[in-house]
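S.K.: Pasting in a structure now, in C-alpha cells, and then I'll have a few things to ask.
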Amino acid sequence: MSQCFIALIWIFGTPFIFINCKCICKLPTPVFLMHGLASDNSTLDYLVSKILERYPGTPIHNSNAYSNSFSYVPLSSQIEGHLGEEFLKFNHQYPNGFHLICYSQGGLLCKGLVQIYHNHSVKNFINISPPLAGYYGTLLFNLTVPEEKLVEILYNPKTQNSDSTSNQYKNPKYLDLYLKYNVFLPYINNEIRTAKSDSYKRGFSRCKNIITIGGPHDGVISPWQSSHFGFVDAYGNVIELKDTEAYKNDTYGLKTMDEEGRLINHVRSGINHTSWVNDDGVIYDFILPYLN
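According to mature numbering (1 follows the signal peptide of the UniProt record, and there is no 0), the sequence shown holds residues -21 to -1, 1 to 271 in order.
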C-alpha cells in the first residue's frame, strides 16, 4: 500500500502539482521448514514454490540439516546440533516472528526446538503428518521380529543413543519400558517431570497457533491420530486428543491452547504420507492461509 501527499502550488500564476508517495508495505512473514526421515529439503520444494507464488518475497529457510541417512541421528542430537543452530540463527534474524512448517519426523524435531529453545519467536507452527504423540508400528524399522523382540531392540540404550526412529517409538503395552528407556519422547512430552518441564511447556505455549495436519490413509504414521496428539491404548483402542493424559493434565499446554482457540487440527482422507506436501488441496486449504 502506498501513502501519497499531493499539493497544488501556484508559481508566478502557473499551477504546479507536487506528488510525494511512500510505500507502507507489510513484508511477508518469514518461514522456516524442516524435512522428514530419510529425505532432504528437496521434499519440500513444491511447497516452497507455492508459498512464494502466494506470498512473493517471503524469506524462506528450507533446512537441509540431517538429510537422508543422517536423519537417523538421535533426535536430541539433531536439536542440539546443526538443526538447532539454524533455528536459533533464523530466530535471531527475525525477532518479530516467523512461521515454522515441519513434515513427518521433522514435526517431532520442531516440537523439540520450540520447547527446548523456549524464548523463540514462532508464530504459526504447522505440523504436516508428524508422530507427535509417538509411533507405534513396525514399518519404520524394517524388522520382521516378534513384538517382544522389537521392544527389546528399540528400548536398548545403545539403540536409543544411535537411532532417531527408536526415540519416537511408544509401545502402549510396554509403557514401563518406554518411560524407563526412551531418552527423548517421554521427556519432550513431559510424561517424565524434570527441571526443564516448565520451560518446555512455556516454549510450546509460546507459539501463536499450533496447526496439525493428518489423516486415516497416511499409511506411515501409526496410529495416524498421533499427528493430532492422539494415540491408542494397549488394546488398540483409539485415544482421541481430549482423552489423553497430556490433554487432561495440560502436561505441556495442549488444553490451554485448545481452550484459547490456538490448537487447530485438520483431518483429510485419501492422502498418503508422501503426498501431503505435494497435494494442492492440503497446501491451499491447510497451510497457505496460516502464512498470511
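The C-beta atom is built at its ideal place from N, Cα and C for all residues, glycine as well.
Taking the alpha helix (DSSP H) that residue 28 belongs to, which residues open and close that run?
M.R.: 24 to 33
S.K.: From 46, 174, 81, 90, pick the residue whose C-alpha is nearest to that of residue 182; which is it?
M.R.: Closest by alpha carbon: 90.
S.K.: Given a threshold of 16 other Cβ atoms within 10 Å of its Cβ, counted over all protein chains shown, does residue 168 qualify as buried or as exposed?
M.R.: buried
S.K.: Quick one, are the C-beta atoms of residue 8 and residue 15 less than 8 angstroms apart?
M.R.: no
S.K.: Looking only at its own chain, which residues have a Cβ that is under 6 angstroms from the Cβ of residue 119, when we skip the five neighbours before and after it?
M.R.: 144
S.K.: Rounded to the nearest angstrom, how far is the Cβ of residue 109 from that of residue 86, given a contact under 8 angstroms?
M.R.: The Cβ separation is near 2 angstroms, so the contact holds.
S.K.: With 16 other CB atoms within 10 Å as the buried threshold, where does residue 99 fall?
M.R.: buried
S.K.: Can residue 147 and residue 198 be called in contact, C-beta distance under 8 angstroms?
M.R.: no
S.K.: Rounded to whole angstroms, what is the Cα-Cα separation between residue 79 and residue 10?
M.R.: 6 angstroms
S.K.: Are there 16 or more other CB atoms within 10 angstroms of the CB of residue 70, so buried, or fewer, so exposed?
M.R.: Buried.
S.K.: Please return the same chain residues whose Cβ sits closer than 6 angstroms to the Cβ of residue 185, not counting the five positions on each side in sequence.
M.R.: In its own chain, leaving out the 5 sequence neighbours on each side, no residue places its CB closer than 6 angstroms to the CB of residue 185.
S.K.: To the nearest angstrom, how far is it from the Cα of residue 173 to the Cα of residue 51?
M.R.: Roughly 26 angstroms between the two C-alpha positions.
S.K.: Assuming residue 152 contacts residue 213 under a Cβ cut-off of 8 angstroms, what Cβ separation, rounded to an integer in Å, is found between them?
M.R.: 5 angstroms
S.K.: What separation, rounded to the nearest whole angstrom, lies between the Cα atoms of residue 246 and residue 193?
M.R.: 5 angstroms
S.K.: By the 10 Å Cβ neighbour count, where 16 or more other Cβ atoms means buried, how is residue 72 classified, buried or exposed?
M.R.: exposed
S.K.: Less than 8 angstroms between the C-beta atoms of residue 187 and residue 103, yes or no?
M.R.: yes
S.K.: Nearest CA to the CA of residue 242: which residue from 202, 251, 255, 221?
M.R.: Residue 221 holds the alpha-carbon nearest to the alpha-carbon of residue 242 among 202, 251, 255, 221.
S.K.: What residues in its chain sit with their C-beta under 8 angstroms from that of residue 62, if we drop five residues either side in the sequence?
M.R.: 13, 42, 44, 45, 88, 92
S.K.: Who are the Cβ neighbours of residue 211 in its own chain at under 7 angstroms, not counting the five residues just before and after it?
M.R.: 115, 151, 202, 217, 218
S.K.: Helix, strand or coil for residue 69, going by three-state DSSP, please let me know.
M.R.: helix
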